[in-house]
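Numbering (my numbering), first residue to last: 16 to 131. Encoded as structure tokens, the structure appears first; notes follow it.
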């Protein structure tokens, strides 16, 4: 599946269309390009959503995926999952490391689950 591509398939489920709609929303939301801006004590997501540092439990890294896990949550929300573009990967990883150190947030290198 390529970035931005919408995949549709039908499932037989008691709430059939609801399952299809949820799946399509998840595919579309993960396919959109996202931005993350590292501010002094918060993260700015897609230019509009502020996540305060004290609401963040840790930053998860698995391969080239980055996930911001919130305090009190077991999984990373899809809206807080990112992948650095190859040309900006080194700079992005350095900024992430600097921000996490300044805000005393651990960076955990392991698999993480996402939820809608």
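Just so you know, even glycine gets a beta-carbon here, dropped at the ideal spot from N, CA and C.
When the distance is taken between beta carbons, is residue 82 closer than 7 Å to residue 91? Taking the chain shown and counting its residues from 1, the one referred to as residue 91 is at position 76. Taking the chain shown and counting its residues from 1, the one referred to as residue 82 is at position 67. Cβ distance < 7 Å, so residue 91 and residue 82 count as in contact.
Output the distance between the C-alpha atoms of residue 108 and residue 117, rounded to the nearest integer angstrom. Position 93 of the chain shown holds residue 108. Position 102 of the chain shown holds residue 117. Separation of residue 108 and residue 117 (C-alpha to C-alpha, rounded to the nearest whole angstrom) is 14 Å.
Counting only the same chain and skipping the five closest in sequence on each side, list residues whose C-beta sits under 7 Å from that of residue 65. On the chain shown, residue 65 is found 50 positions in, with the first residue counted as 1. Excluding residues within five positions, the ones whose Cβ falls inside 7 Å are 57, 59.
Which same chain residues, not among the five before or five after residue 53, have their C-beta less than 6 Å away from its C-beta? Position 38 of the chain shown holds residue 53. Cβ contact annotation for residue 53 (same chain, cutoff 6 Å, sequence separation greater than five): 110, 114, in chain order.
Cβ pair residue 73, residue 112 closer than 7 Å: Walking along the chain shown from the start, residue 73 turns up at place 58. Walking along the chain shown from the start, residue 112 turns up at place 97. Taking 7 Å as the Cβ cut-off, residue 73 and residue 112 do not qualify as a contacting pair.
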